[in-house]
Ligand code: NAD
C-alpha cells in the first residue's frame, strides 16, 4: 500500500478502469457474484441481443428491476475517492464498464462509458435515443414515439462497443503512467484488454479487488479488499 501510494503521488497521467465491483458496496449486484441471479436467470443470459429478441418483456422486467435498485442507491466511498483523484492528478481518465451512472452522480466529470448507460432508451426501429430516469417504468416494454419498442442503451454481450468510447479508452490506457483496475474480473473483452495495453505501453498497474483474479499475479501491485475501503486508503497522503 505504501509503495502504491508513492506511485500515485508521483503519477502525472492516470487512467482507471472500473467494473461492477465498485458499485457492489452501493448495493448493486455484480454479474458473476452471488447477486448475479435474478429469479432463476443468469445475468449473462439476459444481457444479450438474442435474449431480447426472444423475450423482450422478460429482459425489460430485469432491467426495470435493476434501474429501480440503482435509482435508490448512492455512490459509495470508492466512487467518491475517484472524484478526489480527478482533482489531484494533472491528467485523469475514468473508464468504466458500469452502466449505472454512479460515477457521474458521485461527481467525476471525464468518464468514458464503454458499455453504455442504463438510463438511455434506444428505439429498436428508428434508433432515436432518449434519457429516461423513471424507475420503475410505467409500462413494459417502453415504446418510442414512432410506436416501436425501445431497448436499454447498453452494450450487450456480443455487441460492439461505441467506437468513440473505445478510442478514448485505448488512448488513455496507452498514454498513462499509472493504470488502476478496480472491481472488475476483467474477463469481459475487449474492456479487459485495456489492462494489457497499459502494461505494454509502460504503465504501472495497480489492481483493487476483493478477490484474487487472473490479473493479480500479472500486475505490479494487487490490493485485496473492498474498493470502498482500499481506494480512500490509497489516496491518504
Ligand atoms: P464481474 O461481475 O465480472 O466482476 C466483478 C468483480 O468485482 C469481481 O472480480 C469481484 O471480485 C469484484 N468485487 C466485488 N465486490 C467488490 C468490492 N466491494 N470491491 C472491489 N471489488 C469487488 O463484473 P465486470 O468485470 O464489471 O463485468 C461484467 C459486465 O457487467 C460489465 O460489462 C459490467 O459493466 C456489467 N455490469 C454492470 C453493473 C453496474 O453498472 N453496476 C452491474 C453488473 C454488471
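Numbering (my numbering), first residue to last: 25 to 261. Just so it is clear, CB atoms sit at the ideal spot from N, CA and C, and this is done for glycine as well.
Cβ separation of residue i and residue j, assumed to be a contact under 8 Å, to the nearest whole Å
| i | j | result |
| --- | --- | --- |
| residue 49 | residue 227 | Between residue 227 and residue 49 the Cβ distance is about 26 Å, and since that is not below 8 Å, they are no contact. |
| residue 222 | residue 229 | 6 Å |
| residue 244 | residue 161 | That belief does not hold up - the Cβ atoms of residue 244 and residue 161 are roughly 44 Å apart, past 8 Å. |
| residue 68 | residue 181 | 6 Å |
| residue 204 | residue 232 | 7 Å |
| residue 140 | residue 179 | 5 Å |
| residue 143 | residue 125 | 6 Å |
| residue 272 | residue 133 | Lying before the first or after the last residue shown, residue 272 is absent from the chain, which here runs from 25 to 261. |
| residue 239 | residue 190 | Rounded, the Cβ-Cβ distance is 20 Å, inconsistent with contact. |
| residue 202 | residue 31 | 6 Å |
Residue i burial status per 10 Å Cβ neighbour count (16 or more: buried)
| i | result |
| --- | --- |
| residue 177 | buried |
| residue 66 | exposed |
| residue 165 | buried |
| residue 214 | exposed |
| residue 157 | exposed |
| residue 99 | buried |
| residue 127 | buried |
| residue 77 | exposed |
| residue 35 | buried |
| residue 326 | In the structure as shown, the chain starts at 25 and stops at 261, and residue 326 therefore has no counterpart that could be examined. |
| residue 207 | buried |
| residue 169 | exposed |
| residue 33 | exposed |
| residue 21 | Only positions 25 to 261 of the chain appear in this structure, which leaves residue 21 out of reach. |
| residue 112 | exposed |
| residue 64 | exposed |
| residue 47 | buried |
| residue 216 | buried |
| residue 242 | exposed |
| residue 197 | buried |
| residue 81 | exposed |
| residue 70 | buried |
| task | Please go through the stretch 176-224 and give each complete beta strand (DSSP E) segment of 3 or more residues, from N-terminal end onward. | result | List check, beta strand (DSSP E) in window: 202-206.
| Touch check for the stretch 39-55 and the stretch 112-132: three-plus C-beta pairs under 8 Å? | The stretch 39-55 vs the stretch 112-132: in contact.
| Is the stretch 168-185 close to the stretch 142-156, with three or more CB pairs under 8 Å? | Here the stretch 168-185 makes contact with the stretch 142-156; the two share three or more CB pairs at distances below 8 Å.
| task | Say whether the stretch 100-109 touches the stretch 246-260, bearing in mind that this needs 3 or more beta-carbon pairs closer than 8 Å, one atom from each stretch. | result | The stretch 100-109 vs the stretch 246-260: in contact.
| Mind pulling the beta strand (DSSP E) runs of 3 or more residues that sit fully within the stretch 115-175? | Whole beta strand (DSSP E) segments, 3+ residues: 115-120, 135-137, 140-147 and 153-155.
| Length-filtered (4 minimum) alpha helix (DSSP H) runs lying within the stretch 35-116 | Listed in chain order, they are 45-48, 67-70, 73-78, 80-96 and 101-112.
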